[in-house]
Every structure is written in structure tokens, then in C-alpha cells.
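Worksheet: one structure, shown below.
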Amino acid sequence: MLSEPTVEYAGIPLPEVEIFSHALLSAETTEKVLNALDPIENIRQINMTGESLSKNLNSGPAKGLPNNHSERKVIKVGGRDVELRYQVGAFYIELDVENEEKLNEAVEKIRAACAASMPRGFDLAVGRYSKYRKTLRDYK
Amino acid sequence: MAAYKRQFYPGTTSPAKNRRRVMDPKVKLKKLRDVSMDDVVRIMGHRNPGEDYKSIHPPIQEGKEPDCPIRKLVEPIEGAKKGDRIRYIQFTDSVYFAPISPYQRAWMYLSRYRGIDTGTLSGRQIIEVRERDLEKLAKEMIDNETFDPALTGIRGATVHGHACRLDENGMMFDAWQRYIWDKNKKEVVYVKDQVAVPLDRKISVGKPASMADLKKRTTIFRADGVDMRDDKEVTAYGLRIHKLRTLGGFQPFNVKDV
Numbered sequence: 103m104l105s106e107p108t109v110e111y112a113g114i115p116l117p118e119v120e121i122f123s124h125a126l127l128s129a130e131t132t133e134k135v136l137n138a139l140d141p142i143e144n145i146r147q148i149n150m151t152g153e154s155l156s157k158n159l160n161s162g163p164a165k166g167l168p169n170n171h172s173e174r175k176v177i178k179v180g181g182r183d184v185e186l187r188y189q190v191g192a193f194y195i196e197l198d199v200e201n202e203e204k205l206n207e208a209v210e211k212i213r214a215a216c217a218a219s220m221p222r223g224f225d226l227a228v229g230r231y232s233k234y235r236k237t238l239r240d241y242k
Numbered sequence: 004m005a006a007y008k009r010q011f012y013p014g015t016t017s018p019a020k021n022r023r024r025v026m027d028p029k030v031k032l033k034k035l036r037d038v039s040m041d042d043v044v045r046i047m048g049h050r051n052p053g054e055d056y057k058s059i060h061p062p063i064q065e066g067k068e069p070d071c072p073i074r075k076l077v078e079p080i081e082g083a084k085k086g087d088r089i090r091y092i093q094f095t096d097s098v099y100f101a102p103i104s105p106y107q108r109a110w111m112y113l114s115r116y117r118g119i120d121t122g123t124l125s126g127r128q129i130i131e132v133r134e135r136d137l138e139k140l141a142k143e144m145i146d147n148e149t150f151d152p153a154l155t156g157i158r159g160a161t162v163h164g165h166a167c168r169l170d171e172n173g174m175m176f177d178a179w180q181r182y183i184w185d186k187n188k189k190e191v192v193y194v195k196d197q198v199a200v201p202l203d204r205k206i207s208v209g210k211p212a213s214m215a216d217l218k219k220r221t222t223i224f225r226a227d228g229v230d231m232r233d234d235k236e237v238t239a240y241g242l243r244i245h246k247l248r249t250l251g252g253f254q255p256f257n258v259k260d261v
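Line by line, the protein sequences give chains A and B. Count along the first sequence from 1, add 102, and you get the number used in the working numbering. Count along the second sequence from 1, add 3, and you get the number used in the working numbering.
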């Protein structure tokens with residue numbers, strides 16, 4: 103199913119920071135990381151990926167029963183509710199920066215925030231990992 | 004001529020030695036925990052503990068078998084004698100140094116047990132046996148050294164997780180969370196059966212082993228553990244089979260000195 107992006111495409115390939123965790127994160131740690139990232143300036147959007155957690159069991163004899171996965175819950179980020187549907191393994195942070203200097207500054211802040219909240223370690227890389235303008239599929 | 008002595012696996016490195024160990028039926032595997040038979044039955048979820056075994060045919064002793072030389076030759080296993088249903092247990096083994104991996108499970112099962120049917124997939128291994136024999140086998144497999152509470156899962160469906168990163172407690176990912184980490188006891192506890200039907204009560208399967216211990220016990224070759232290429236004999240054995248299969252497929256006349 104195609105849906106509109108939650109944040110409009112920037113139109114230009116702004117840099118993205120990939121935070122690839124060494125362990126799959128609990129909801130509690132995800133909340134900590136997001137709240138640590140929240141005050142950092144120049145962040146345009148944060149996308150998360152990981153392993154999908156279904157709300158109900160989708161096959162087998164127990165089909166239809168609630169899954170009751172402890173990591174599938176609503177977390178609070180900057181005072182707002184965010185519903186987690188994944189056990190998060192990576193963050194993609196799009197930065198709205200004009201020059202290299204601002205970029206480095208933001209990246210260092212992100213690194214420090216993650217280092218403080220992710221004790222099992224992570225890899226950080228700067229690049230472009232998702233699309234930034236409409237493509238054919240958006241006109242379906 | 005000297006009698007043929009059965010061989011199991013080549014190599015001198017620790018995963019190669021461990022493979023030989025699990026495959027050799029003369030080696031008694033170490034028992035690391037004791038999950039009661041009733042709890043094993045509950046985790047599998049095929050029948051309730053204490054319930055009678057359902058049967059799919061009358062006992063063989065009733066003598067309604069056709070006259071067949073093979074049937075006379077082969078001693079049936081206990082469940083077959085009684086006409087039990089065929090049920091299954093399926094294990095998922097993490098790639099992060101689980102004590103055993105699915106392929107070696109197949110070798111081990113076939114080398115150690117009779118009357119079984121096993122199927123290998125990338126991350127899981129199903130084994131189908133007559134019900135009462137399955138229960139004995141399942142208990143052995145859960146109790147012995149090929150099972151690690153954190154890195155081996157008992158999963159009938161939605162087995163995804165063997166190649167996922169481990170979670171913060173070092174547990175293999177399970178979308179249905181059949182087992183949870185007990186923070187206080189530092190143990191793994193089953194709360195759902197193998198197809199995620201909630202259990203009446205929690206079943207502890209004990210403490211996971213340390214990563215250092217698992218690296219010694221595993222049958223898995225990994226670049227960040229023991230690299231398969233470091234074991235000359237295993238590499239040569241793999242290459243030989245590869246060469247025989249390839250040449251045998253299209254130039255069998257060139258199979259010489261292999």
C-alpha cells in the first residue's frame with residue numbers, strides 16, 4: 103500500500119545520518135534515544151526500521167489472539183505519543199543543514215546522544231538512504 | 004579386510020570436533036537442565052499432560068498388517084506399535100553462535116534416532132515422529148547441550164529471527180515473544196507454547212550460556228569465530244564434493260583423482 107510520506111519530500115538530497123544499533127532495542131531504550139535526539143537542532147525527520155511486531159497473531163491455531171509483545175507499545179517522545187510497531191534496529195535522521203560545518207556539528211551531537219543512550223553500541227554513517235522527491239510510484 | 008569404521012566429519016577445529024560429537028550416537032550429550040516431561044508436553048501443545056495419546060490406526064499387535072518382508076525385518080518404534088499420531092517439534096537456531104545449527108540437527112537426528120522425518124530450512128529444523136517417541140526426543144533435545152535458552156527457540160510457526168541481531172538481553176528475536184527474559188532470576192521463561200497459544204503457567208528453561216562458552220560449544224563456523232577456511236581438511240572436503248557434483252553433472256568422464 104502506498105501512502106503519502108509523513109514529512110514532505112525536501113526535493114534536494116539533504117544528508118541523512120544512519121544509526122545502526124548493534125542490538126535490537128527495547129521500547130524503553132528507543133524512547134531514551136528519541137528523547138535524547140529531540141532537542142538537537144537541524145533535524146528534519148527521524149525514520150526508524152527494525153523487526154515488525156504484529157498486534158495480533160496472524161497465523162496458526164492461535165490466529166487472532168492478541169500478541170502481547172512487551173516491546174510493542176506507545177512511547178512518549180517530547181511529550182507526544184508515538185506508537186511503536188517495530189522492535190527498532192536503526193534510525194535514519196534527515197538533517198536540514200546548509201554547510202559542512204553545521205553538518206559535522208549536528209552529527210557530533212547525534213553521536214553523543216546515541217552513545218549515552220545505547221550501551222550495546224551502534225554504527226554511525228552519513229549518506230542518503232531514502233528518496234527525497236516524488237517518483238513515478240507517487241503518482242499512482 | 005578390516006571392518007569399516009564409521010566416520011562423521013573431517014577437520015581439527017572446534018566446530019568440526021563439535022560436529023563429530025553431536026553426530027556420533029556413541030557420545031552421550033551433556034544434560035544441562037531438567038525441564039519436566041509435563042512442561043515439554045505443554046510447550047509443544049499437541050496434547051494436555053495426562054491426556055491419552057490419540058491414535059490413527061489400531062495397534063500393530065492386532066495383526067492386521069499385510070504380509071510384507073520389510074515389515075518383518077524392521078522393529079517398529081514404540082509409537083508406531085501403538086498407532087500414535089505423528090506430531091512435530093521445531094527448533095530455531097540463531098546464527099550468533101547457537102550451540103547447533105539446523106543442518107547439523109538433521110545429521111544428528113538421523114544419526115541418533117530411528118523412525119523420524121526431519122526437514123531442514125535456513126533457520127529452523129522440524130522433526131516429525133510418533134507422538135510418544137517425539138516427547139522423549141523433545142525432552143532430550145531441550146535438556147541437552149544442543150539447546151541454549153536465549154539462542155534456540157521452540158517455534159512451530161513464525162520462526163523469523165535466526166539471522167536478526169540479538170536484543171539487549173542477548174535473546175534471539177521472536178515476533179510472537181513465546182519466551183521472555185526474567186530480569187530477577189536472569190532466566191528465560193516460556194509464556195506461550197510453540198504456536199504462541201498462551202500457557203497456563205510460566206515454564207523456566209534456565210539461564211543462557213555465556214558467549215565465551217557458546218563459542219567453544221558451537222558447531223557453527225563464522226568469520227568472527229572459527230573461519231571454515233582456517234580448517235584445511237573441512238575446506239578440502241567441501242571443495243571435493245563441489246567438484247564431484249559439478250563435474251558429475253556435465254562431464255562425468257573428467258572425474259579423475261578427486
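Ideal placement from N, C-alpha and C gives every residue a C-beta, glycine not left out.
Three-way DSSP call (helix, strand, coil) for residue i in this model
i        : result
B:TYR193 : strand
A:GLY243 : A query on residue 243 of chain A cannot be resolved here, the shown segment of chain A reaching from 103 to 242 and no further.
B:TRP179 : coil
A:LEU186 : coil
A:VAL199 : coil
B:ASN21  : helix
A:ILE212 : helix
B:PHE94  : strand
B:VAL208 : strand
A:PHE193 : strand
B:THR161 : coil
B:THR1   : No statement about residue 1 of chain B is possible, as the shown extent of chain B runs from 4 to 261 and does not include it.
A:TYR234 : coil
B:GLY86  : coil
B:GLY228 : coil
B:VAL237 : helix
B:LYS139 : helix
B:GLN10  : coil
A:GLU207 : helix
B:ILE244 : helix
B:PRO102 : coil
Distance cut-off 7 Å: residue i Cβ against heavy atoms of the ligand SAH
i       : result
B:LYS85 : Of the ligands one can find in the structure shown there are none, so the ligand SAH has no counterpart to examine.
DSSP bridge partner residues for residue i (one or two, in chain order)
i        : result
B:ASN147 : B:LYS34
A:LEU226 : A:ILE121
A:LYS178 : A:ASP183
A:PRO168 : A:ASN158
B:TRP184 : B:VAL191
B:GLU305 : Residue coverage of chain B in this structure runs from 4 to 261, which leaves residue 305 of chain B outside it and unanswerable.
B:ASP170 : A:LEU126
B:PRO201 : B:LYS195
B:ILE221 : Per the sequence shown, the amino acid found at residue 221 of chain B is Thr instead of Ile. For B:THR221, which the question treats as bridged, DSSP gives no partner whatsoever.
B:THR155 : B:ASP96
Exposure of residue i, with buried meaning 16 or more beta-carbon neighbours within 10 Å
i        : result
B:TYR193 : buried
A:MET150 : buried
B:CYS167 : buried
B:SER97  : buried
B:GLN64  : exposed
B:LEU124 : exposed
B:LEU76  : exposed
B:HIS49  : buried
B:PRO105 : buried
B:TYR99  : buried
A:VAL176 : exposed
B:PRO152 : buried
B:ARG204 : exposed
A:LYS233 : exposed
B:ALA6   : exposed
At what residue ranges does the stretch 104–148 of chain A contain a whole run of the alpha helix (DSSP H), taking only runs of 4 or more?
129–139
Count the CB pairs spanning the stretch 159–172 of chain B and the stretch 84–101 of chain B that are closer than 8 Å, and state whether there are at least three.
yes
Three or more C-beta pairs under 8 Å: does that hold for the stretch 203–218 of chain B against the stretch 234–248 of chain B?
no
Return the chain-ordered ranges of every beta strand (DSSP E) run that is complete within the stretch 24–81 of chain B and spans a minimum of 3 residues.
none
Sufficient close CB pairs (3 or more, under 8 Å) joining the stretch 212–220 of chain A to the stretch 158–170 of chain A:
no
Report yes or no: do the stretch 132–149 of chain B and the stretch 76–84 of chain B share at least 3 C-beta pairs separated by less than 8 Å?
yes
Could you check whether the stretch 40–48 of chain B touches the stretch 238–251 of chain B, counting it as contact only if at least three pairs of C-beta atoms, one from each stretch, sit closer than 8 Å?
no
Would the stretch 136–149 of chain A count as touching the stretch 204–211 of chain A if we require 3 or more Cβ pairs under 8 Å?
yes
Can we say the stretch 188–197 of chain A touches the stretch 121–139 of chain A, given the rule of at least three CB pairs closer than 8 Å?
yes
For the pair the stretch 172–186 of chain B and the stretch 24–37 of chain B, tell me if three or more CB-CB distances fall below 8 Å.
no
Under 8 Å, with one C-beta from each stretch per pair, do the stretch 4–23 of chain B and the stretch 216–231 of chain A reach the 3-pair mark?
no
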